[in-house]
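A.B. asks:
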Amino acid sequence: MSIKFFSRQADGSASLSKVKPFTFPGGEHHLRLPDQPEAPAFARVTGCDVNDLAVLGLWADWAHQTGFPAVAHLPYLPAARADRGAPFGAQVYANLVNALSLDEVIVFDPHSPVAPELINNVRVVESTEVICERVIPSGYEAILAPDAGAVHRAQQVSDAAGLPLFTASKTRDFATGKLTGFEAPVGLPASGRILIVDDICDGGGTFMGLASALQVPASRLDLWVSHGIFSGRAPALREYFGNIWTTDSHDGAFNSEVGANVVELTPYL
Numbered sequence: 001m002s003i004k005f006f007s008r009q010a011d012g013s014a015s016l017s018k019v020k021p022f023t024f025p026g027g028e029h030h031l032r033l034p035d036q037p038e039a040p041a042f043a044r045v046t047g048c049d050v051n052d053l054a055v056l057g058l059w060a061d062w063a064h065q066t067g068f069p070a071v072a073h074l075p076y077l078p079a080a081r082a083d084r085g086a087p088f089g090a091q092v093y094a095n096l097v098n099a100l101s102l103d104e105v106i107v108f109d110p111h112s113p114v115a116p117e118l119i120n121n122v123r124v125v126e127s128t129e130v131i132c133e134r135v136i137p138s139g140y141e142a143i144l145a146p147d148a149g150a151v152h153r154a155q156q157v158s159d160a161a162g163l164p165l166f167t168a169s170k171t172r173d174f175a176t177g178k179l180t181g182f183e184a185p186v187g188l189p190a191s192g193r194i195l196i197v198d199d200i201c202d203g204g205g206t207f208m209g210l211a212s213a214l215q216v217p218a219s220r221l222d223l224w225v226s227h228g229i230f231s232g233r234a235p236a237l238r239e240y241f242g243n244i245w246t247t248d249s250h251d252g253a254f255n256s257e258v259g260a261n262v263v264e265l266t267p268y269l
């Protein structure tokens, strides 16, 4: 399971709770509660296993029964990319989350605005502050959005950091609609480091294709993705980027073959 519980201490800080999930022989999930009472602070789910959502619902029920609000950190919002079509994945997962009667749901840099709008009592945390505090101090000359869809978040970082923004574009086969390559933006700095900013990385093929089109050495090119799933060929990203940055929103971030710099999100949520 990828769920953790935190309790509130007398000084206002939060620490790991002694509440433990377990599973009955029949398959039902339940919670083992501590002998000494504690004040629930929040629950944190990384990834999108629906079993974690069932356990989160049990925790929320316990929190309410003890007189506390049920606050959930879901930094990686499940099915945020399935924001249209049939089945409408974002709505299905939103229905599951809404059924848990949570008092606040905190999500981090969702793929599109559609999915969080479907969640009750949601609060969205953008990636700008995290990037500017933890990544930008490494030293960059420019911010690069890999495509038009990434411009909004990249622009926020560019404005906050006072760095120029460049946007790459994708090329497609008009007959099939399949991605065939990238076009590098004009005017990229001839020296200094460039930071690519986007929200999600699965296998990394898109970023490797972009890096090849840029013809910039890996020592000058870094990658930030808010959610590092890092599946399939993702370890090959090391050949194209000097540094890879992500957060602990998804367990895939800790893929040792990728070797990403992983930022802890809890202080920002």
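Numbering (the UniProt record's numbering), first residue to last: 1 to 269. Each residue gets a CB set at the ideal place from its N, CA and C atoms; glycine is no exception.
With H, G and I counted as helix, E and B as strand and the rest as coil, what does DSSP make of Leu-77?
C.D. replies: Three-state DSSP puts Leu-77 in coil, outside helix and strand.
A.B. asks: Measure the alpha-carbon distance for Pro-267 versus Ser-13 and round it to whole angstroms.
C.D. replies: So the two alpha carbons sit approximately 11 Å from each other.
A.B. asks: Using the Cβ count rule (16 or more neighbours within 10 Å means buried), how would you classify Arg-123?
C.D. replies: Looking at its Cβ environment, which holds fewer than 16 other Cβ atoms inside 10 Å, Arg-123 is exposed.
A.B. asks: State the Cα-Cα distance for the pair Asp-202 and Gly-162, rounded to the nearest angstrom.
C.D. replies: Their Cα atoms are separated by approximately 29 Å.
A.B. asks: Does the Cβ of His-227 have 16 or more other Cβ atoms within 10 Å, making it buried, or fewer, making it exposed?
C.D. replies: The residue is buried, with at least 16 neighbouring Cβ atoms inside 10 Å.
A.B. asks: Leaving aside the five residues before and after Asn-51 along the sequence, list all residues of the same chain whose C-beta is less than 7 Å from its C-beta, in chain order.
C.D. replies: Once the five neighbours on either side are set aside, the close Cβ partners of Asn-51 are Met-1 and His-29.
A.B. asks: Give the secondary structure of Cys-201 by DSSP, where H, G and I count as helix, E and B as strand, and everything else as coil.
C.D. replies: DSSP places Cys-201 in strand when its eight states are reduced to three.
A.B. asks: My output table needs one value for Ala-234: the three-state DSSP class, helix, strand or coil.
C.D. replies: Helix, per DSSP.
A.B. asks: Return the residue from the list Ile-196, Gly-205 and Ala-236 that minimises the CA-CA distance to Val-246.
C.D. replies: Checking the sequence, you will find Thr at residue 246 rather than Val. Nearest option by C-alpha distance: Ile-196.
A.B. asks: According to DSSP, simplified to helix, strand and coil, what is Asn-98?
C.D. replies: Asn-98 falls in the helix class under three-state DSSP.
A.B. asks: Name the two residues that bound the continuous beta strand (DSSP E) containing Asn-243.
C.D. replies: First-last of the beta strand (DSSP E) with Asn-243: 243-247.
A.B. asks: Which of the three DSSP states, helix, strand or coil, is assigned to Phe-68?
C.D. replies: Here Phe-68 sits in coil by DSSP.
A.B. asks: Hey, could you find the ends of the beta strand (DSSP E) Thr-23 is sitting in?
C.D. replies: Where Thr-23 is concerned, the enclosing beta strand (DSSP E) stretches over 20-23.
A.B. asks: Looking only at DSSP bridge pairs, what is His-227 linked to?
C.D. replies: Beta-bridge pairing links His-227 to Ile-200.
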